[in-house]
Amino acid sequence: MQSNDQDGVLNDPNQWKLEAQAVINDVRDHVRELRVCEAPGIQNSNSKIHLNLTTLEGNELCIRLTTAGFSVVGNRHDCVNSEEEVGQCYETIYALLSAISPSYTQSFGNSLLDKLQRVADSQ
Numbered sequence: 001m002q003s004n005d006q007d008g009v010l011n012d013p014n015q016w017k018l019e020a021q022a023v024i025n026d027v028r029d030h031v032r033e034l035r036v037c038e039a040p041g042i043q044n045s046n047s048k049i050h051l052n053l054t055t056l057e058g059n060e061l062c063i064r065l066t067t068a069g070f071s072v073v074g075n076r077h078d079c080v081n082s083e084e085e086v087g088q089c090y091e092t093i094y095a096l097l098s099a100i101s102p103s104y105t106q107s108f109g110n111s112l113l114d115k116l117q118r119v120a121d122s123q
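The opening position of the sequence shown corresponds to residue 1 in the UniProt record's numbering, with each subsequent residue numbered one higher.
Written out as structure tokens, the structure reads:
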């Protein structure tokens, strides 16, 4: 992420959408759904963007991405709890998913094993 010296503000407002799309592309095979939250009451800005996540277990959450990382901010899609209830901040989406979704960990591990097996089979 390219940020300026201000408190977690990205220089290019469109950069958040690019960051969000990269995150979505990275983990889409290991979640049921992950998309940018565009609900009218949710404010995305040049300092944050919100994502609606459905884990493989079926849990719906609202995630906030800032330059500090990822945090669960709502217990359903398109919902931000009060700022006092914002959860722990994780440096990566992988760390957040590992903490909240045992099925993500299993899916990701199986994907790695499949890739390793393909490499071994090709040699």
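Glycine is no exception: its CB is placed at the ideal position from the N, C-alpha and C atoms. Please read all numbers here as calculations on a predicted model, not as lab measurements.
Should residue i and residue j be called a contact, given that it needs their Cβ atoms to be closer than 8 Å?
{"i": "Cys62", "j": "Cys79", "result": "yes"}
{"i": "residue 140", "j": "Ser98", "result": "A question about residue 140 goes unanswered here, because the residues of the chain that appear run from 1 up to 123."}
{"i": "Asn52", "j": "His30", "result": "no"}
{"i": "Val23", "j": "Ile93", "result": "yes"}
What residues in its chain sit with their C-beta under 7 Å from that of residue i, if we drop five residues either side in the sequence?
{"i": "Ser101", "result": "Thr55, Leu56, Glu57"}
{"i": "Asn44", "result": "Trp16, His50"}
What's the call for residue i, buried or exposed, on a 16-neighbour Cβ count within 10 Å?
{"i": "Arg118", "result": "exposed"}
{"i": "Gln2", "result": "At Gln2, the pLDDT of 46 sits below 50, so the modelled position is not reliable; the number obtained from the coordinates is stated separately. The residue is exposed, with fewer than 16 neighbouring Cβ atoms inside 10 Å."}
{"i": "Asn25", "result": "exposed"}
{"i": "Arg28", "result": "exposed"}
{"i": "Ala20", "result": "buried"}
{"i": "Leu18", "result": "exposed"}
{"i": "Leu65", "result": "buried"}
Bridge partners for residue i per DSSP, in chain order?
{"i": "residue 137", "result": "A question about residue 137 goes unanswered here, because the residues of the chain that appear run from 1 up to 123."}
{"i": "Ile49", "result": "Leu65"}
{"i": "Arg35", "result": "Asn52"}
{"i": "Glu60", "result": "Thr54"}
Under 7 Å from any heavy atom of the ligand SAH, does the C-beta of residue i make it?
{"i": "Lys48", "result": "The ligand content of the structure shown is nil, which means the ligand SAH is not present either."}
Note down, in chain order, each residue of its chain lying with its Cβ closer than 8 Å to the Cβ of residue i, except the 5 sequence neighbours on either side.
{"i": "Gly87", "result": "Ser71, Val72, Val73"}
{"i": "Arg32", "result": "Thr54, Thr55, Leu56, Gly58"}
{"i": "Ser107", "result": "Asp29, His30, Leu56"}
Who are the Cβ neighbours of residue i in its own chain at under 6 Å, not counting the five residues just before and after it?
{"i": "Ala39", "result": "Asp78"}
{"i": "Val113", "result": "What sits at residue 113 in the sequence shown is Leu, not Val. Correct list: empty, nothing qualifies."}
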